[in-house]
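Residue numbering for the sequence shown follows our numbering, starting at 16 and increasing by one per position.
Just so you know, even glycine gets a beta-carbon here, dropped at the ideal spot from N, CA and C.
For clarity, every value in this text was computed on a predicted model and none was experimentally measured.
This report concerns only the one structure given below.
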Amino acid sequence: MKKKNNPFLLKGYVSKELFCDREKELEQLFTNVKNGIDTTLISPRRMGKTGLVFRFFDHLRENGNIRSIYVDIFSSRNLSEFIKLLAEAILLEFPEKTPVGNQFLDFIKGFRPLIGFDPLSGQPQIQINYQSAHEKENTLQGLFNFLENQGEQIVIAIDEFQQISDYPEKNTEALLRTYIQKLTNIRFIFCGSRKAMMINLFSNVKRPFFASTQYLSLEKIDREVYSSFIRNKFSESEILITDEALTMVMDWSLIHTFYTQSLCNILFYIAESQITIDTVKVACVELLKRNEPVFYQYRQLLTTAQWNFLIAIAKEGEVNQLTAQKFISQYEIGTPANARRISKSLLEKELLLELPSKKETSYRVYDVFLSRWLENEY
Numbered sequence: 016m017k018k019k020n021n022p023f024l025l026k027g028y029v030s031k032e033l034f035c036d037r038e039k040e041l042e043q044l045f046t047n048v049k050n051g052i053d054t055t056l057i058s059p060r061r062m063g064k065t066g067l068v069f070r071f072f073d074h075l076r077e078n079g080n081i082r083s084i085y086v087d088i089f090s091s092r093n094l095s096e097f098i099k100l101l102a103e104a105i106l107l108e109f110p111e112k113t114p115v116g117n118q119f120l121d122f123i124k125g126f127r128p129l130i131g132f133d134p135l136s137g138q139p140q141i142q143i144n145y146q147s148a149h150e151k152e153n154t155l156q157g158l159f160n161f162l163e164n165q166g167e168q169i170v171i172a173i174d175e176f177q178q179i180s181d182y183p184e185k186n187t188e189a190l191l192r193t194y195i196q197k198l199t200n201i202r203f204i205f206c207g208s209r210k211a212m213m214i215n216l217f218s219n220v221k222r223p224f225f226a227s228t229q230y231l232s233l234e235k236i237d238r239e240v241y242s243s244f245i246r247n248k249f250s251e252s253e254i255l256i257t258d259e260a261l262t263m264v265m266d267w268s269l270i271h272t273f274y275t276q277s278l279c280n281i282l283f284y285i286a287e288s289q290i291t292i293d294t295v296k297v298a299c300v301e302l303l304k305r306n307e308p309v310f311y312q313y314r315q316l317l318t319t320a321q322w323n324f325l326i327a328i329a330k331e332g333e334v335n336q337l338t339a340q341k342f343i344s345q346y347e348i349g350t351p352a353n354a355r356r357i358s359k360s361l362l363e364k365e366l367l368l369e370l371p372s373k374k375e376t377s378y379r380v381y382d383v384f385l386s387r388w389l390e391n392e393y
């Protein structure tokens, strides 16, 4: 039998058939939208946050006449770029040849934009030049008002929302909050991967967005549910994965969505009719080999002390107390102050992942592949 297309996607969203679970999260998002509640969606990188958003948009199309707009502001450095990305996202949802798209183009021409399309992707590109901060603010308000006046329900997901904290325009939060709170037809999903920054944005009583949303934290997919999904996807192409091999897949990838998908993706490619533990070992070695240039780049960017600290964490798997004497002595880290300083820097660089729980907080290397490579190499 000829293999189907690889069902283990590494990016984007194709269909609900290739999307695993997240039923509770989808239900909460849908309930929030129906009840006029905005959502703050927090997730570690590569846990499937963006995929969930697009699966939710698909869910909205299936269950009601609700439009959806996705804006990724990770690349933005200021309010002007935020507005540009929002305008391009609106034009993507309401294309030029549709009635609303035509209205939008007529509307935005009032801001004297340069409008074009990327020759490779076909994505809309909009450039607006501003004479003053007031013009910029009017444009942002105008975009929201245009959507509000369409008279239909719209959900806007803004990804990597914590970026606004770094904008030079220090009034960005207050400006957005002022405009957003007046909207009745638009619900927002504020997505972010930097947990501390997102919580500070929405839980700090001194910040404009304080207590304005409901939190949704994206955790690992249930092990049994994910295992069943993986087994079924292999089975659909008549590939049998043994119980032991599947256990190794889940353990080695830590059920961190991107890393689990990556391992399954390569297994699907190399497997004939059966996947055993030996097949998984071959795939793991291949994955680490492919990523070695990235690991060497990490090494170039870190001090020796930081690199050695990462090695120590990788060898432990997870560490509960980074300043514990036993941990510090075993890996020759120096002093508790040293450990605190290094861990703070690695957390800021997103090379360490903080895992809070009811009992205590633990830490592991953020990049699962890097962790496995360090574990093997040292």
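Checklist entry - So what's I245 in DSSP terms, helix, strand or just coil? => result Counted from its first residue, the sequence shown places residue 245 at position 230. Three-state result, I245: helix.
Checklist entry - In the DSSP assignment, what are the bridge partners of F203? => result Within the sequence shown, residue 203 is the residue found at index 188, counting from 1. F203 is bridged to I171.
Checklist entry - Thinking just about the alpha-carbon of each residue, which of K31, E333 and E363 is nearest to the one in S377? => result Residue mapping note: residue 377 aligns to position 362 of the sequence shown, counting from 1. Cα-wise, what sits closest to S377 is E333.
Checklist entry - Do P223 and E188 have their C-beta atoms closer together than 9 Å? => result Position 208 of the sequence shown, counting from 1, holds the residue named residue 223. Position 173 of the sequence shown, counting from 1, holds the residue named residue 188. Yes. Within cutoff.
Checklist entry - Any heavy atom of the ligand FAD within a distance shorter than 8 Å of the CB on Q43? => result Looking at this structure, you won't find the ligand FAD or any other ligand, since it has none at all.
Next on the checklist: Please return the same chain residues whose Cβ sits closer than 6 Å to the Cβ of R192, not counting the five positions on each side in sequence.
Outcome noted: Counting from one through the sequence shown, the residue named residue 192 turns up at place 177. Excluding sequence neighbours, R192 sits near P223 and F224.
Item to check | 8 Å contact criterion, which T275 and V264 should meet: CB distance rounded | outcome: Here residue 275 is taken as the residue at index 260 of the sequence shown, counted from 1. Here residue 264 is taken as the residue at index 249 of the sequence shown, counted from 1. The Cβ separation is near 7 Å, so the contact holds.
Checklist entry - Can you tell me whether DSSP reads S358 as helix, strand or coil? => result Taking the sequence shown and counting its residues from 1, the one referred to as residue 358 is at position 343. In this structure, S358 counts as helix in the three-state DSSP scheme.
Next on the checklist: Once the 5 residues before and after S40 are set aside, which same chain residues still bring their CB inside 7 Å of it?
Outcome noted: For the purposes of this step, residue 40 is taken as residue 25 along the sequence shown, with counting starting at 1. First, the amino acid is wrong: residue 40 is Glu here, not Ser. L67, L231 and L233, listed in sequence order.
Item to check | Residue closest to Q178, alpha-carbon to alpha-carbon, out of N93, Q165, G125 and F126 | outcome: Locating residue 178 in the sequence shown gives position 163, counting from the first residue. Answer by Cα proximity: N93.
Next on the checklist: I'd like the list of long-range same chain contacts for E301, defined as Cβ closer than 7 Å, with 5 residues on each side in sequence excluded.
Outcome noted: For this step, residue 301 is matched to residue 286 along the sequence shown. Result list for E301: I281, in chain order.
Checklist entry - Since I57 and E175 are thought to touch, with beta carbons under 8 Å apart, how far apart are those beta carbons, to the nearest angstrom? => result Taking the sequence shown and counting its residues from 1, one reaches residue 57 at position 42. Taking the sequence shown and counting its residues from 1, one reaches residue 175 at position 160. I57 to E175, Cβ: 11 Å. No contact.
Next on the checklist: Classify T350: buried if its beta carbon has 16 or more other beta carbons within 10 angstroms, exposed otherwise.
Outcome noted: The residue labelled residue 350 in the question sits at position 335 within the sequence shown. So T350 counts as exposed.
Item to check | 9 Å Cβ cutoff met for L366 and L317 | outcome: Within the sequence shown, numbered from 1, the residue matching residue 366 stands at position 351. Within the sequence shown, numbered from 1, the residue matching residue 317 stands at position 302. Against a cut-off of 9 Å, the Cβ pair of L317 and L366 comes out as a contact.
Checklist entry - Based on the DSSP output, what are the partners of G131 in its beta bridges? => result Counting from 1 along the sequence shown, the entry for residue 131 is found at position 116. Its beta-bridge partners are Q140.
Next on the checklist: Bridge partners for L282 per DSSP, in chain order?
Outcome noted: Residue 282 sits at position 267 when you count from the first residue of the sequence shown. Answer is none; L282 lacks a bridge partner.
Checklist entry - Near C299, what residues of its chain come up, given a Cβ to Cβ distance below 8 Å and the 5 sequence neighbours on each side ignored? => result Numbered from its first residue, the sequence shown carries residue 299 at position 284. Hits under 8 Å: W267, L278 and R387.
Next on the checklist: According to DSSP, D87 sits in a beta bridge with which residue or residues?
Outcome noted: As a working mapping, residue 87 is identified with position 72 in the sequence shown. Answer is D174.
Checklist entry - What are the start and end residues of the alpha helix (DSSP H) that includes E77? => result Working through the sequence shown from its first residue, we reach residue 77 at position 62. Unbroken alpha helix (DSSP H) run through E77: K64 to N78.
Item to check | Distance CB(F97)-CB(Y85) smaller than 9 Å | outcome: To locate residue 97, count along the sequence shown from 1; it is residue 82. To locate residue 85, count along the sequence shown from 1; it is residue 70. No, these two residues do not count as a Cβ contact at 9 Å.
Checklist entry - Using the rule of at least 16 other Cβ atoms within 10 Å of the residue's Cβ for burial, across every protein chain shown, is V29 buried or exposed? => result Here the question's residue 29 lines up with position 14 in the sequence shown. V29 should be labelled exposed.
Next on the checklist: Going by DSSP in three states, S252 sits in which element: helix, strand or coil?
Outcome noted: The residue you call residue 252 lines up with position 237 of the sequence shown. In the structure shown, S252 sits in coil (DSSP, three-state: anything other than H, G, I, E or B).
Checklist entry - What number of angstroms, rounded off, separates the C-alpha of L162 from the C-alpha of I201? => result As a position in the sequence shown, residue 162 is number 147, starting the count at 1. As a position in the sequence shown, residue 201 is number 186, starting the count at 1. If I take the Cα positions, the gap works out to 8 Å.
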